[in-house]
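Residue numbers (full-length UniProt numbering): 1 to 204.
Using N, Cα and C, we set each Cβ at its ideal position, and we do this for glycine too.
Source: prediction; values computed, not measured.
Scroll down for the structure; my scribbles are underneath it.
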Amino acid sequence: MTKVKVCGLMESGHVKTAVEAGVDAIGFVFAPSRRRITLDKAIELASLVPSNVLKIGVFVDATAEEIKRVYESVPLDYIQYHGNESQEFIGKIGLPSIKVLSVYSNEDIKRAEKYEVDFILFDTPGKEFKGGSGETFDWHLLEDVGVPLNKLILAGGLNPGNVSEAIQRVKPYMVDVSSGVEIDNRKDDDLIRAFVSAVKNEER
Ligand SMILES: O=C(O)c1ccccc1N[C@@H]1O[C@H](COP(=O)(O)O)[C@@H](O)[C@H]1O
């Protein structure tokens with residue numbers, strides 16, 4: 001069954017809803033964003049997350065020191081590198097890792113070959129911020145993807161209405177949502193439940 005991550009959580013009620021709905025992973029944003037949270041807030045929210053749900057920290061071109069400090073303090077399970085981080089940088093940090101590639105064209109899919117990471121996440125290029133645009137990219141570009149499907153995370157404009165089609169077409173290991181479970185820039189409990197339910201009802 002496809003795994004599901006809900007990202008950009010900022011409130012305890014939404015964390016509880018996501019956990020109760022059956023998410024596999026929760027994302028906290030530590031990068032410039034309207035969804036950015038402080039380290040103290042992340043520690044508070046993380047305490048509500050059971051050990052079978054992964055806690056993923058989203059960073060954009062942060063320093064190694066900051067990444068390691070947040071990883072240990074929260075604590076996190078994975079670092080999501082959502083900027084221009086090189087394989088060399090990620091390798092030196094040596095923590096469980098997800099590298100994000102913003103998909104403009106086929107060339108961006110091929111860049112996945114350069115990375116020795118746990119997961120590759122394909123996302124729509126950001127606008128104001130590096131991610132969380134709420135827009136899909138052309139999933140056709142993933143048809144000949146060289147990344148093993150068990151390492152592939154799909155993001156970008158997913159919502160309860162399109163995630164089933166996304167899973168059928170791309171067959172990712174995990175889907176990742178932020179904007180698609182928000183109303184007026186705030187997470188919505190019903191949309192979180194609807195998204196998780198749509199994923200869980202979808203056969204791979
Ligand atoms: O969500 C953000 O604000 C964000 C900011 C900076 C980098 C990444 C960010 N989020 C990531 O964006 C995608 C999902 O976006 P959406 O569903 O299209 O809104 C996901 O990978 C988030 O982790």
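DSSP three-state assignment for residue i, whether helix, strand or coil
i      : result
Glu135 : coil
Asp189 : helix
Val49  : coil
Val117 : coil
Lys55  : strand
Phe129 : coil
Asp123 : strand
Asn106 : helix
Val145 : coil
Gly161 : coil
Opening and closing residue of the beta strand (DSSP E) in which residue i lies
i      : result
Ala25  : Ala25 to Val29
Ser97  : Ser97 to Ser102
Leu154 : Leu152 to Leu154
is_contact[residue i, chain B] using C-beta, thresh 8 Å
i      : result
Ser133 : Of the protein chains in the structure, only one exists, and it is not chain B.
Run of the alpha helix (DSSP H) containing residue i, from where it starts to where it stops
i      : result
Ile37  : Note, Ile37: premise wrong, no alpha helix (DSSP H); not H, not E.
Phe89  : Gln87 to Ile93
Lys16  : Ser12 to Ala21
Arg69  : Ala64 to Ser73
Glu202 : Neither: Glu202 is in no alpha helix (DSSP H) and is coded neither H nor E.
In DSSP terms, what residue i is bridged to
i      : result
Asp176 : Lys5
Glu182 : Lys187
Gln168 : DSSP, once it has assigned bridges, lists no residue as partnering Gln168.
Ile79  : Gly57 and Ser97
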